[in-house]
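Chains as they are written, first to last, in this note's numbering: chain E, -10 to 347; chain V, 165 to 361.
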């Protein structure tokens, strides 16, 4: 069951050889290729919760790091600073400290050590009007690093969880813009909403935006086969029966983390049943469990919206609650050619039962 | 027609969670109704988890805010039962969602909350919620007691799994030669021989 843990670190999955590239050229390959050609470019990566953004980021970083001229650094901002309180100054400090790590203890000269102390001190004791000072120190460390690596590229994760688009915009127009101006390449995982409406102006600050779509399991045969390969990579022993694997792919709705979580739940059902393999019945039970928790707390209006999506494929975002249905994956959006909406497959049957209930 | 997470007692929830050995830990969530006693349910769950695996379970109750919870979880290498979060406002769940990366741990974690709190998690901590996945249960005291048919079904599954008979398991337990797998602890309980644990 450990191979199918939805909360597991994506880095572990990549290191264990579980990564399966998407059909065609994966986003990771495309990002890495573009950054090899233009290492100082800036890219924005967005995608739904559980779509595999962090995995794509890590794989892109690994590919780029194979180039000796590139220092490819991944930064999970939330591990160093509280994303709820991160501002451009804090982000500069975090970036600077990461650059310092790559310089190595034995290579730092006094002014670099002083720069690192300044950055560490800022994070412990933030103060006003520090932006220029922080940027100068980051510039100093970047310059030192480029003596060893001509190009520095940052892979910045966890800012996609920011629901405050103004805060995100402020980071992009502040720290990110100035880091880019230093010649540092950037791939930043941002909020999905930054590609829509007013958020679009923030996306325009990047050289290119990328959207990691949900796999359209219903209409994309290659996509469905991709999900089956993901399962096989984690199940070399063949515990999952082929028909159960097909069912898992379909019921995941194409959301990577839900595929993994459903498989774990099905494995648990098989375990409780004393079965040697994961059968279709275990998957169906797991899907029922998954779907039930998806329906917790929905009011009648939200149920109405879901029924309309289920029966007519119609979804018009007119309110925050509608957006929340997308964010919480009760409604899935597929962008394979013509966009379409569907309810998460695990709630289809339950919604149907609700509709038929007296 | 109200559809909610399947009812389960602490014995079942504990068994499912502790059976998840290996890397990455794992989460489970037990939802309580307004009239349920959270402290009792959480303590019962922790006791069950300990009886299955023989490892001490961390009880984390009443963390004041998201950073405090993160600190307490990160500070423990043991399986944990987390409770006392029902008074958190929506904003604090949003805060925890932002700090989700810091919640990654290599041990199993059970969240014991009221159903209304889970609604807040779904709405305000969707990234965290995606980690909770399908392992969400509605607490039911009566579900802790299996029907005779359910008990036999589970015993049959354990016999198939191990290739042993009830008598062989009892004999090995008496000789203190039983492996530490939680399944054997469950087996003895089902045979009403919890005295051999």
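Glycine included, each C-beta is placed from N, C-alpha and C at the ideal position.
Hey, is residue i's beta-carbon within less than 8 angstroms of any beta-carbon in chain E?
i, result
"residue 303 (chain V)", "no"
"residue 300 (chain V)", "yes"
"residue 324 (chain V)", "yes"
"residue 191 (chain V)", "yes"
"residue 354 (chain V)", "no"
"residue 240 (chain V)", "no"
"residue 279 (chain V)", "yes"
"residue 168 (chain V)", "yes"
"residue 283 (chain V)", "yes"
"residue 253 (chain V)", "no"
With 16 as the cutoff for other CB atoms within 10 Å, does residue i come out buried or exposed?
i, result
"residue 217 (chain V)", "buried"
"residue 125 (chain E)", "exposed"
"residue 4 (chain E)", "exposed"
"residue 303 (chain E)", "exposed"
"residue 204 (chain V)", "exposed"
"residue 147 (chain E)", "buried"
"residue 226 (chain E)", "exposed"
"residue 220 (chain V)", "exposed"
"residue 341 (chain E)", "exposed"
"residue 274 (chain E)", "buried"
"residue 149 (chain E)", "buried"
"residue 94 (chain E)", "exposed"
"residue 67 (chain E)", "buried"
"residue 65 (chain E)", "buried"
Is DSSP giving residue i helix, strand or coil here?
i, result
"residue 251 (chain V)", "coil"
"residue 89 (chain E)", "helix"
"residue 176 (chain E)", "strand"
"residue 203 (chain E)", "coil"
"residue 199 (chain V)", "coil"
"residue 372 (chain E)", "No statement about residue 372 (chain E) is possible, as the shown extent of chain E runs from -10 to 347 and does not include it."
"residue 333 (chain V)", "helix"
"residue 283 (chain V)", "helix"
"residue 236 (chain E)", "helix"
"residue 264 (chain E)", "coil"
"residue 61 (chain E)", "strand"
"residue 298 (chain V)", "coil"
"residue 141 (chain E)", "strand"
"residue 97 (chain E)", "coil"
"residue 272 (chain V)", "strand"
"residue 277 (chain V)", "strand"
"residue 198 (chain E)", "strand"
"residue 154 (chain E)", "helix"
"residue 194 (chain V)", "strand"
"residue 171 (chain V)", "strand"
"residue 146 (chain E)", "strand"
"residue 219 (chain V)", "coil"
Chain V beta carbons: is any one of them nearer than 8 angstroms to that of residue i?
i, result
"residue 260 (chain E)", "yes"
"residue 147 (chain E)", "yes"
"residue 269 (chain E)", "no"
"residue 68 (chain E)", "yes"
"residue 134 (chain E)", "no"
"residue 19 (chain E)", "no"
"residue 286 (chain E)", "yes"
"residue 73 (chain E)", "yes"
"residue -9 (chain E)", "yes"
"residue 322 (chain E)", "no"
"residue 279 (chain E)", "yes"
"residue 290 (chain E)", "no"
"residue 299 (chain E)", "no"
"residue 253 (chain E)", "yes"
"residue 99 (chain E)", "no"
Are residue i and residue j close, meaning C-beta to C-beta below 8 angstroms?
i, j, result
"residue 43 (chain E)", "residue 8 (chain E)", "no"
"residue 134 (chain E)", "residue 141 (chain E)", "yes"
"residue 273 (chain V)", "residue 298 (chain V)", "no"
"residue 303 (chain V)", "residue 233 (chain V)", "no"
"residue 34 (chain E)", "residue 178 (chain E)", "yes"
"residue 174 (chain V)", "residue 208 (chain V)", "yes"
"residue 376 (chain E)", "residue 69 (chain E)", "The structure shown does not extend to residue 376 (chain E), since chain E is modelled only from -10 to 347, so the question has no answer here."
"residue 23 (chain E)", "residue 30 (chain E)", "yes"
"residue 249 (chain V)", "residue 281 (chain V)", "yes"
"residue 203 (chain E)", "residue 157 (chain E)", "no"
"residue 237 (chain V)", "residue 267 (chain V)", "yes"
Margin query: To test your reading of the DSSP string, which unbroken alpha helix (DSSP H) runs of 4 or more residues are found completely within the region 285 to 343 of chain E?
Written below: 289 to 301, 309 to 316
Next item on the list: List in chain order: all unbroken alpha helix (DSSP H) runs of 4+ residues lying wholly within the region 99 to 124 of chain E.
Entry: 99 to 113
Item checked: Those runs of the beta strand (DSSP E) which lie wholly inside the region 224 to 248 of chain V and span at least 3 residues -> 244 to 247
Next item on the list: Note down, one range per segment and in chain order, each alpha helix (DSSP H) of at least 4 residues found wholly within the region 5 to 86 of chain E.
Entry: 16 to 26, 42 to 54, 66 to 69
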